[in-house]
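Right, one structure below, let's go through it.
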Amino acid sequence: MRETGIYAHPSQIAHKLEGQQSFPRGACGNASVLQGEWLGRKGFKGVEYVAGRSDEINSHAWLVCDGLIIDITADQFDMGMPPVFVLRAVEGAMRTGYSNFHARFEIQTRHSCVMDGAYDQANYAALVKVIDGLR
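So in numbering that gives the first Met the number 0, spot 40 of the sequence shown is number 39, and the numbers just go up one at a time.
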């Protein structure tokens, strides 16, 4: 996705968002929200934001859409994950139904990735400005 245009290259985004210059490190929440908003604007339905915690890794966020795990920041953990991770979630195969990497996290939140009113408004405005600038 980083190269195919389903998401913008980090160099197009990171310098525009305060605190995101070290993308992907520490950017999973904002990156997932940005990706979810972009997918929604492209007509994808049912995009969900998922966030979890792990004693080993701390916290992480990613998306689930149409049964696919979409994670564009998993490589921040130096655990051999690719820069873009997309995998069909197989329910019942593991504790969370996710990949071995994502199964490490205890899910703390999972909700629709609709940002209007449900996200910090200053960050929301900055993210929308970035998305609009990619067109």
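The beta-carbon is built from N, C-alpha and C at its ideal position, and this holds for glycine as well.
Assumed close pair residue i, residue j - CB separation to whole angstroms, cut-off 8 Å
i   : j   : result
Q34 : L62 : 6 Å
Best match in the options for proximity to residue i [C-alpha to C-alpha]
i    : options                : result
S53  : C64, I106 and F84      : I106
V127 : I69, E36 and G28       : E36
P81  : A88, G39, F100 and V46 : F100
N57  : A121, Q75 and G132     : Q75
M78  : A88, E55, L86 and A60  : E55
A60  : A121, A30, K41 and S98 : A30
CB contact flag (residue i, residue j, <8 Å)
i    : j    : result
V32  : R109 : no
A102 : T72  : no
G39  : C112 : yes
C64  : F84  : no
V104 : G45  : The amino acid occupying residue 104 in the given sequence is Phe; Val does not appear at that position. It is not a contact, given that the beta carbons lie outside the stated cut-off.
Beta bridge counterpart(s) of residue i as assigned by DSSP
i    : result
N57  : S53
C64  : L67
F84  : D70
S98  : According to DSSP, S98 bridges with nothing at all.
S111 : E47
E105 : R52
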